[in-house]
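Numbering (this note's numbering), first residue to last: 194 to 857. See structure below.
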Ligand code: ADP
C-alpha cells in the first residue's frame with residue numbers, strides 16, 4: 194500500500210505533459226488557461242446548486258442535485274490535474290482522479306435515467322397553474338355553497354321562529370277561547386238555572402211558531418203570563434196581538450215581521466192586557482230557526498218584568514221630581530261623579546257661576562278654587578271619597594273672571610247596591626254678605642278711631658271743670674267750655690256725615706229722580722254757602738247753562754255744596770270760584786274750579802276715600818271730617834255718573850262730575 198501511495202505521487206520516468214506541447218508557450222498557456230477557467234466554472238456550479246437546494250426545501254429529488262454537484266466537482270478536478278501534469282507528470286494520480294470522476298459520472302447518469310419517469314410525472318408549471326385555477330374555482334364554489342347553506346339555515350331559523358310565534362299565539366287564542374267558552378258555559382248554566390227558577394215561579398213563558406204551517410204553541414207558563422187558564426190558548430186560531438195593550442200592538446207586530454223577514458233577533462218590552470183589566474209588562478225575546486236558509490220556526494221567551502218596571506217608573510218619577518226640585522231650587526246645586534265629571538247643573542248654578550248646563554254636563558267641574566291647598570284638598574278629598582264636607586270656598590266665575598265666595602256642603606249619593614256613586618254639592622252665594630261684613634268692620638274701626646279724639650278732648654275739659662279749680666277763674670273755664678263745644682260740634686258733624694254715608698252706601702236713601710235744571714241746582718247750592726264765601730272774601734261765579742239732568746235734586750245740591758265748601762276752605766282771600774255745567778252727548782259735565790292751594794298729584798284719587806285728607810291737622814282745624822268727598826262719590830255713583838279731580842299745586846283745583854242728560 195505504501196508503494197502504491199509513493200507511486201501515486203511520484204513522477205517516475207514520465208515526462209511532463211508540456212513536453213507534448215514542445216513547451217510552446219502559446220500552446221501551454223492555451224491549455225492552462227482553458228483548463229483553469231473550466232475548473233473554476235465547474236467548482237462554482239456546485240455552490241449554486243447547494244444554495245438552490247438549501248433554499249428550496251420542498252424540492253423533490255434534491256439528492257440528484259447533490260449528485261450533480263459531486264460529479265461536476267470531479268470533472269473540475271480532472272482539469273486541475275491537467276494543469277498539474279503540464280509540469281508534474283503524476284499520471285497515476287491524474288488517472289485515479291479520472292477513474293473517480295468516471296464512477297461518479299456513471300452513477301449520476303444511471304440515477305438520472307432511473308429518475309426520469311418520476312421527474313416526468315412531476316406536474317409542470319402549466320399543469321400547476323391549471324390545477325391552481327381549478328382549485329380556486331372549487332374554493333369559490335365551496336364558499337358559494339357555504340353561503341347558500343348559511344342563508345338556508347337563517348331562513349330555516351326564521352321560519353322556525355315565526356312558526357313558534359304562531360304556535361304561541363294560537364295557544365293563547367286557544368286558551369282565550371277555552372276561557373270564553375267556560376265563561377259562556379257558566380253564564381248559560383246560570384241563565385238556565387234562572388230560567389228554570391223563573392218558570393217554576395211562573396214568570397217566564399215560551400212559545401213556538403211554525404212559520405211554514407202557521408201553528409203557534411204556547412206553554413202553560415206562557416198562558417199564565419197572559420192570565421189564561423192552562424190549555425185555553427187557541428193556538429193559530431187566536432190573534433195574540435189582541436191580548437196586548439192597544440198602544441203596543443203596532444210595535445210588536447212590526448218587530449215580529451222584522452224578525453221573520455230579516456232574521457233580526459226580536460228584543461222588546463210589551464204590555465199585556467190581562468182578562469181582569471190589569472196590565473202586565475213583559476220582556477219579549479225571540480229568534481228565527483231556519484231550515485236550509487228558509488225561516489222555519491220562531492221560538493220566543495216572554496218574561497214578566499212588571500215589578501221591575503214599576504220600580505223603574507217609581508224611580509224615574511222620583512228622579513224627575515228630584516231634578517225638578519233641584520232645578521227650581523234658589524240654591525245652586527251641582528251633582529258630580531267622584532272623578533269630578535258634572536252630572537247635574539241647576540239653573541241657579543248657571544246663574545251663579547256663569548256656565549250653562551249644556552257647557553258643563555259630562556265635563557270636569559269648571560270651578561277653580563282659590564283657596565289654600567290644604568282647604569282645597571279637604572274639599573276634593575270629600576268629592577273623591579264621598580265624605581260629608583261643609584266649608585267656604587272662593588271660585589273664579591267664567592262670565593267675567595270675578596270671584597264668588599260660596600258656602601258649600603257636600604252629600605254623598607249611593608246606588609241601589611249602596612255603592613258611593615255621586616256627590617251632591619249645594620252652594621250658597623255669600624260674596625255680598627262677606628263684602629258687607631268686611632266693609633262694616635272697616636267702617637266701624639275707622640269711625641271708632643275718628644270719634645275717639647274729640648270725645649277724649651271733651652271728656653278731658655269736662656273733667657277739669659268738674660274739679661272746681663277753675664271756678665274762680667272764669668276766663669280759663671270759658672276757654673275750656675269753648676274747646677269742648679268745638680269738639681262736640683265736630684262730633685255732631687262727623688256723626689251726621691257718617692250717617693249720611695252709611696245711608697247712601699247701604700242704599701237706604703230713597704232717590705227721587707226728576708228732570709232738574711242744572712242752573713237751578715248750582716244757584717241753590719251757591720245760596721247755601723254764600724255766607725261762608727263772604728266771610729272768606731271769595732267770589733263764586735256761575736257759568737250760564739240751559740242743560741238739564743235726571744237726578745235727585747237735594748242730593749246733587751248736597752254734592753255741589755260739599756265741593757263749594759271745600760273750594761272756599763282751601764282758597765285764598767279775594768279769589769274766584771267758578772261753577773259750570775256743560776252738556777255732552779249723554780252727560781252733563783259739572784265743574785267746580787278754585788284758585789286755591791291745589792292737591793298733590795299722588796292724592797288726587799285717594800281723597801275720595803273715607804277720612805283721606807291731604808293735610809290732616811289743617812283740614813280738621815277747618816272743621817273737616819274727611820267724609821265729604823266720599824259722600825259726593827257715593828251720591829254721583831248712585832246717579833250712574835262719575836266724579837274725579839284735576840289740580841295743579843298752588844294754582845287751584847277743579848272737581849268734575851257727570852250726570853245723565855235730559856231734555857228740559
Ligand atoms: P274734609 O271734610 O276734610 O274737607 P273731604 O272729603 O271733603 O274732607 O276732602 C278730603 C280732603 O281733600 C280735604 O281734607 C283736602 O285735603 C282735600 N281737598 C278737597 N277739596 C279741595 C280743594 N278744593 N282744594 C284743595 N284740597 C282739597
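By construction, the Cβ of each residue, glycine as well, lies at the ideal position given by its N, Cα and C atoms.
Worksheet item: Do you know offhand how far residue 698's Cα is from residue 546's?
Response: 26 Å
Worksheet item: What first and last residue would you give for the beta strand (DSSP E) that runs through residue 708?
Response: 707–710
Discussion item. Between 582, 533 and 583, which has its C-alpha nearest residue 559's C-alpha?
Written reply: 533
Worksheet item: In chain order, what residues of the same chain have a beta carbon less than 7 Å from the beta carbon of residue 523, not counting five sequence neighbours either side?
Response: 541
Discussion item. Within the continuous beta strand (DSSP E) that includes residue 462, where are the two ends?
Written reply: 459–466
Fill in: residue 801 versus 794, 819 and 812, residue with shortest Cα-Cα distance
819
Worksheet item: Is it a yes or a no for the segment 793–809 touching the segment 770–777, going by three-plus beta-carbon pairs under 8 Å?
Response: no
Worksheet item: With burial defined as no fewer than 16 other Cβ atoms inside 10 Å of the residue's Cβ, what is the status of residue 722: buried or exposed?
Response: buried
Worksheet item: Hey, which unbroken runs of the alpha helix (DSSP H) at 4 residues or more fall wholly within the segment 243–280?
Response: Annotation note: the segment 243–280 contains the following uninterrupted alpha helix (DSSP H) runs of length 4 or greater, listed N- to C-terminal: 255–280.
Item to complete: Would you list the residues sitting across from residue 476 in a DSSP beta bridge?
Response: 462 and 496
Fill in: Any non-hydrogen atom of the ligand ADP within 7 Å of residue 812 CB
yes
Discussion item. Here's the rule I'm using: 16 or more other beta-carbon atoms within 10 Å means buried, otherwise exposed. How should residue 228 be labelled?
Written reply: Result: buried.
Worksheet item: So does residue 718 have its beta carbon nearer than 7 Å to some heavy atom of the ligand ADP?
Response: no
Worksheet entry | Buried versus exposed, by CB contacts within 10 Å (16 or more), residue 788 | With 16 or more other Cβ atoms within 10 Å, it is buried.
Worksheet entry | residue 153 CB to nearest heavy atom of the ligand ADP below 7 Å | Past the edges of the chain, shown from 194 to 857, lies residue 153, and the structure says nothing about it.
Fill in: Residues of its chain near residue 195, where Cβ-Cβ distance is below 8 Å and the 5 sequence neighbours each way are ignored
none
Worksheet entry | Cut-off 6 Å between Cβ atoms - residues of its own chain near residue 403, not counting five sequence neighbours on either side | Cβ neighbours of residue 403 beyond the five flanking positions: 490.
Discussion item. Can you tell me whether residue 818 sits near the ligand ADP, meaning its C-beta is under 7 Å from at least one heavy atom of the ligand?
Written reply: yes
Worksheet item: How about residue 576 and residue 529: do their beta carbons lie closer than 8 Å?
Response: yes
Practice prompt. Report yes or no: do the segment 463–477 and the segment 494–502 share at least 3 C-beta pairs separated by less than 8 Å?
Written response: Contact between the segment 463–477 and the segment 494–502 is present, because at least three Cβ pairs lie under 8 Å.
Worksheet entry | DSSP-derived helix/strand/coil call for residue 607 | strand
Item to complete: Just tell me which of 537, 286 and 503 has its CA closest to the CA of residue 516.
Response: 537
Discussion item. Restricting to Cα atoms, I'd like to know which of 611, 297 and 692 is closest to residue 827.
Written reply: 692
Practice prompt. Pick out whichever of 463, 464, 456 and 556 has its Cα sitting closest to the Cα of residue 487.
Written response: The residue among 463, 464, 456 and 556 with its C-alpha nearest the C-alpha of residue 487 is 456.
Practice prompt. Can you tell me which of the three DSSP states residue 216 falls into?
Written response: Here residue 216 carries a coil assignment [DSSP, helix/strand/coil].
Item to complete: Give a single yes or no on whether residue 806 has its beta carbon closer than 7 Å to a heavy atom of the ligand SAH.
Response: With respect to small molecules bound, the structure shown includes the ligand ADP and not the ligand SAH.
Item to complete: Determine the direct distance from the alpha carbon of residue 201 to that of residue 283, and round the result to whole angstroms.
Response: 7 Å
Fill in: Whether residue 770 touches residue 754 by CB criterion (8 Å)
no
Fill in: 7 Å Cβ shell around residue 792 - same chain, five flanking residues per side excluded
800, 807, 838, 840 and 846
Discussion item. Using C-beta distances below 7 Å, list every residue in its chain close to residue 261, excluding the 5 sequence neighbours before and after it, in chain order.
Written reply: For residue 261, where only same-chain residues beyond five positions count, the Cβ hits under 7 Å are 242 and 301.
Discussion item. Between which two residues does the alpha helix (DSSP H) holding residue 680 run?
Written reply: 667–698
Worksheet item: With respect to 7 Å, is the separation between the Cβ of residue 541 and the closest non-hydrogen atom of the ligand ADP below this value?
Response: The answer is no for residue 541.
Worksheet item: Grouping DSSP H, G and I as helix and E and B as strand, with all else coil, what is residue 614?
Response: Reduced to three states, the DSSP call for residue 614 is strand.
Worksheet item: If you follow the beta strand (DSSP E) that residue 310 is part of, which residue opens it and which one closes it?
Response: No beta strand (DSSP E) holds residue 310; the alpha helix (DSSP H) holding it covers 284–314.
Discussion item. Out of 614, 610 and 600, which one is the CA nearest neighbour of residue 624?
Written reply: If we check each option's Cα against that of residue 624, 600 comes out closest.
Discussion item. Cutting at 6 Å between CB atoms, please list the residues of its own chain near residue 412, excluding the five before and the five after it.
Written reply: 398 and 399
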